[in-house]
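Here's the structure, in structure tokens; my notes come after.
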Amino acid sequence: MKRFAVLQLSGCAGCEVALLNAEAWVAQYKLVYMPLVVSAEDVPEVDVLLISGGVRTDEDLYKLRRAVKNAQQVVAVGTCAISGGVANLGDRDEVRALFLAERDRPHVPRLLSKSHPVDAFVAVDLYVPGCPPTAELFMAVLTNPRDFQASKVVCQECGRQKLKDVKPAHLLGFQQGEVLPDVCLINQGYLCVGSSTRGGCRAPCPRAGHPCVGCRGPSDVFIEKESDVWFKSIKRVFASMTDAPESEIEQGLRSPQLAMFLFQFSDYAGGDRLPRPKEKVL
Amino acid sequence: MPAATAFRGPKRKCCEMMTLTFPLSRIEGHARVVVDVRDGIVQSAKFQATEFRGFEYLVKGAPAGQMPVIVPRICGVCSTAHHVASVKALEDAYGITPPPLALTIRELLMLGQLLQNQATSLFIFTMPDRLGVDSIFDVNETELDGDALAGMAARALQVRQAGTHLITLAGGQFIHPVKAVVGGVTGGISAEAAAAMRSELADALLVACALFDAYWGYSLALSARLGTWGDDAPACYLTAVSGTRPNYYGDFLRLMGCEGGDVCAQFPACEYRVFLTVEEAEYSYAAQTSFQGHVLRANSLARANLVDSLGTPCANEYLQRFHREFGQPAHAILLYDLARGIELVYAIERAMEILAGPLEGAETRIPYTPRDGEGYGLVEAPRGPLIHHYRIENSLIAQAEFVIPTVHNVLAIERALRVAAERYITPDRANLELERAVGRVVRAFDPCIACATQH
Ligand code: SF4
Ligand code: SF4
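Residue numbers (my numbering), protein chains in the order written: chain A, 22 to 303; chain B, 152 to 606.
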């Protein structure tokens, strides 16, 4: 039986909770370390080590470095592990100053200056974006990532129809007003970025009537590129599918909730590192 | 079980200070317990949150309208509660009331949250303590009494999944849901989908009751073996539900004083500072709340003490039995876990009732105009009353405050830890049972550290 462990750094535990929903592993794999559900002191030898959360404290860093030594394969799951995640919303000077002030508390682990991606410190074999990744993605990681079948982008998994002749004059943002079933959310004026977001989640958000906010990150076409390549392309989608003024599109897309997800492979991971190869991304 | 490293220290001499550190597992987030002992006398027992999330800083400057998507990321275990509280805070600021159908669907969301959380806490976090194993996934390998335990992990996950499916149905996805939006919800629930969910819940109800009966029995056996149900000194209780057929969607906060009896104060979220004192602790990233100098308690036991009847058949029977056997108010901390089981059953039954009614066809959201100002959103999360408070300027969050249920329990956790420590530490020895006791005490309160460390 394959053995796996889950190391939870600074995150929300959503990734762990999603894994619990992939209950099929229970019969096939031995979970040897996952503080949320198993009492065990250290990560023992494992075939697969899943890491969630960003590296935010000196304790995170210590645990991370120890854990990878015992793992055959290291997988970064979720936006936080890949980019530092939602904590990067506060990656601004004034917020950073506040966080650094918090470092003075004695007796508790020291905060680092920001939430770092896991691969800033250790080599990662596989990246699984999503906030959190779905149960299906977790099962694919554990069984055989190469066999995982997914569409290139979320649009192909969403089932809503893009209408050529319906062009909203203005954007409604993310969530205002009625949502028609079956019709593409952009046709209805919503800021849906499913057209450039990598598939594999099966589009739960647009199916439920909420625009895709891009938590799976950029599709393969953009993943190794700078974020403004993605930005220009998504602007073109809105320019062709709506009659909204360019300034409105520009402003709408400059959104923190989109940025933290869509730039998880580029800017947010810390500009000067090499892009992560798309072959390593599930 | 991991051994507390401090026990391996050098032999204790007289007049010596000894610090015992207990790492914690099977709770949400990173925390540890530190007990200071001098000459065999417990000096202090501290609950330390060792991670810092700081969302009050992170969201400053975020567009107010994006909060319902951003703030669920505070915590993946209770993301639904944050999602709904956030939408309510914005609606309060904008001065709008969503249509009735939207409120019903949001109640369903909160029931899904309750079901998912209580199943996780009961079966995954605390059942192993009753069975003496490291994890529920080890149960199959142990040689405990056959039937009740056969396939326990799978059955526990089945119950838990009914909760996650309910959240998915009402919220779009079960972690970080999206369907609650300012002004209402993005859509109704079709009759077919509701019927399918009902039948899944009906199956889950049987399994949940069977597992809970077993759990109740193990808990009795545990307390008999230990000779205690843990810290049972009186405390004050805080919750946003009371009376009959509680609605976890939340309206007012209610306080029960240390003497028990009736609700001694009822107030809206915006007045919480009048009644509650919140203080920072320098040894932890989590703050602590008190009420007029008294220890405060929130979460399942607070609700079991303030709710008189649940109004659904099975859950109500359990609650009456609970009140009969342990009194109302009941104070012993291991009763938190039993109260959680009662709510698990309630969540299933109440959700089935709601799903039997029409959930589509009527209006699900109303138009609105965002405006600047201040708003409060209150829900009864599984861990107790959760408040989101936003000040909005130029459509951006100028200030956000998250009043977190776990923070209300911190002093109660520390008091209960001290009781346990005094029980197991004597001048000549520290009983190894202390380590297990520490785990049981903390898990009884089901703290959530990812939530508790925002400022
Ligand atoms: S990626 Fe999302 S779900 Fe996972 S830990 Fe981070 S915030 Fe939580
Ligand atoms: S843009 Fe959004 S709503 Fe439209 S098809 Fe793509 S994912 Fe679906």
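Every residue gets a Cβ at the ideal spot worked out from N, C-alpha and C, and that includes glycine. In this text, all values refer to a predicted model and were calculated from it rather than measured experimentally.
Any non-hydrogen atom of ligand 2 closer than 8 angstroms to residue i Cβ
i: V175(A); result: yes
i: C236(A); result: no
i: A507(B); result: no
i: R542(B); result: no
i: V214(A); result: yes
i: K183(A); result: yes
i: C602(B); result: no
i: I207(A); result: yes
i: P227(A); result: yes
i: A260(A); result: no
i: A92(A); result: no
i: A224(A); result: yes
i: C229(B); result: no
i: C179(A); result: yes
Bridge partner(s) assigned by DSSP for residue i
i: Y388(B); result: M407(B) and R448(B)
i: T78(A); result: L132(A)
i: T440(B); result: V429(B)
i: C599(B); result: E179(B)
i: E552(B); result: H540(B)
i: G394(B); result: V458(B)
i: S195(B); result: D187(B)
i: V174(A); result: R219(A)
i: R148(B); result: Lying outside 152 to 606, the shown extent of chain B, residue 148(B) is not represented and no answer is given.
i: L147(A); result: V96(A)
i: F418(B); result: L404(B)
i: L547(B); result: P214(B) and E544(B)
Length of the line joining the Cα atoms of residue i and residue j
i: P598(B); j: G227(B); result: 14 angstroms
i: V589(B); j: P578(B); result: 19 angstroms
i: A34(A); j: R594(B); result: 16 angstroms
i: C415(B); j: H474(B); result: 20 angstroms
i: H539(B); j: Y527(B); result: 6 angstroms
i: A154(B); j: V358(B); result: Low confidence applies here, because A154(B) scores a pLDDT of 38, under 50, leaving its location unreliable and the question unanswered by this model.
i: R159(B); j: T255(B); result: With a pLDDT of 40 at R159(B), under the threshold of 50, the modelled position of that residue is not reliable, and the figure given next carries that caveat. Roughly 55 angstroms between the two C-alpha positions.
i: V27(A); j: L52(A); result: 8 angstroms
i: K164(B); j: G191(B); result: Only weak support is given to the placement of K164(B): the predicted model assigns it a pLDDT of 48, under 50, and the question is left unresolved by the model.
i: D402(B); j: L537(B); result: 11 angstroms
i: L40(A); j: A156(A); result: 6 angstroms
i: R177(B); j: P56(A); result: 6 angstroms
i: E66(A); j: K23(A); result: 11 angstroms
i: K183(A); j: L495(B); result: 42 angstroms
i: P227(A); j: R181(A); result: 8 angstroms
i: T337(B); j: P249(B); result: 12 angstroms
i: G283(B); j: A313(B); result: 27 angstroms
i: P161(B); j: R569(B); result: Bear in mind that the predicted position of P161(B) carries a pLDDT of just 42, short of 50, making it unreliable; the figure below should be weighed with that in mind. Near 23 angstroms, if we compare the C-alpha coordinates of R569(B) and P161(B).
i: I484(B); j: R566(B); result: 11 angstroms
i: F276(B); j: V200(A); result: 40 angstroms
i: R349(B); j: D249(A); result: 47 angstroms
i: F159(A); j: A171(A); result: 14 angstroms
i: Y50(A); j: A61(A); result: 17 angstroms
i: V264(A); j: V76(A); result: For the sequence presented, residue 264(A) should be read as Asp rather than Val. Answer to the nearest angstrom: the Cα atoms are 43 angstroms apart.
i: T156(B); j: M169(B); result: Below a pLDDT of 50, predicted positions are generally treated as unreliable, and T156(B), at 40, falls in that range; the measurement from the model is reported next regardless. Distance between the alpha carbons of T156(B) and M169(B): 12 angstroms.
i: G462(B); j: P225(A); result: 34 angstroms
Terminal residues of the alpha helix (DSSP H) in which residue i lies
i: M102(B); result: One cannot answer for residue 102(B) here, as it falls past the ends of chain B, which runs 152 to 606.
i: A355(B); result: A342 to L377
i: M168(B); result: Not the alpha helix (DSSP H): M168(B) falls in the beta strand (DSSP E), residues M168 to P174.
i: Q49(A); result: W46 to Q49
i: V250(A); result: S248 to M262
i: Q605(B); result: Where Q605(B) is concerned, there is no enclosing alpha helix (DSSP H), given that its DSSP letter is neither H nor E.
i: L283(A); result: P277 to L283
Boundaries of the beta strand (DSSP E) in which residue i is found, first to last residue
i: P536(B); result: G535 to E544
i: G526(B); result: G524 to A532
i: F25(A); result: K23 to Q29
i: I72(A); result: V67 to S73
Near ligand 3: residue i beta-carbon under 8 angstroms from a heavy atom
i: C233(A); result: Absent from the structure shown: ligand 3. Ligands present: ligand 1 and ligand 2.
Checklist entry - So, do the region 298-312 of chain B and the region 201-208 of chain A have three or more beta carbon pairs nearer to each other than 8 angstroms? => result Per the Cβ contact rule, the region 298-312 of chain B is not in contact with the region 201-208 of chain A (fewer than 3 Cβ pairs under 8 angstroms).
Next on the checklist: Between the region 247-266 of chain B and the region 313-331 of chain B, can you find at least three pairs of beta-carbon atoms closer than 8 angstroms?
Outcome noted: Flag = yes, the region 313-331 of chain B and the region 247-266 of chain B touch.
Checklist entry - Do the region 207-221 of chain B and the region 179-188 of chain B make contact, defined as three or more Cβ pairs closer than 8 angstroms? => result No: fewer than three Cβ pairs fall under 8 angstroms.
Next on the checklist: Quick check: the region 465-483 of chain B against the region 508-516 of chain B, are at least 3 beta-carbon pairs closer than 8 angstroms?
Outcome noted: The region 508-516 of chain B vs the region 465-483 of chain B: no contact.
Checklist entry - Using 8 angstroms as the Cβ pair cut-off and three pairs as the minimum, do the region 345-363 of chain B and the region 371-378 of chain B touch? => result Contact check between the region 345-363 of chain B and the region 371-378 of chain B: fewer than three CB pairs, one atom from each, fall below 8 angstroms, which does not count as touching.
Next on the checklist: For the pair the region 450-457 of chain B and the region 383-397 of chain B, tell me if three or more CB-CB distances fall below 8 angstroms.
Outcome noted: Yes, the region 450-457 of chain B touches the region 383-397 of chain B.
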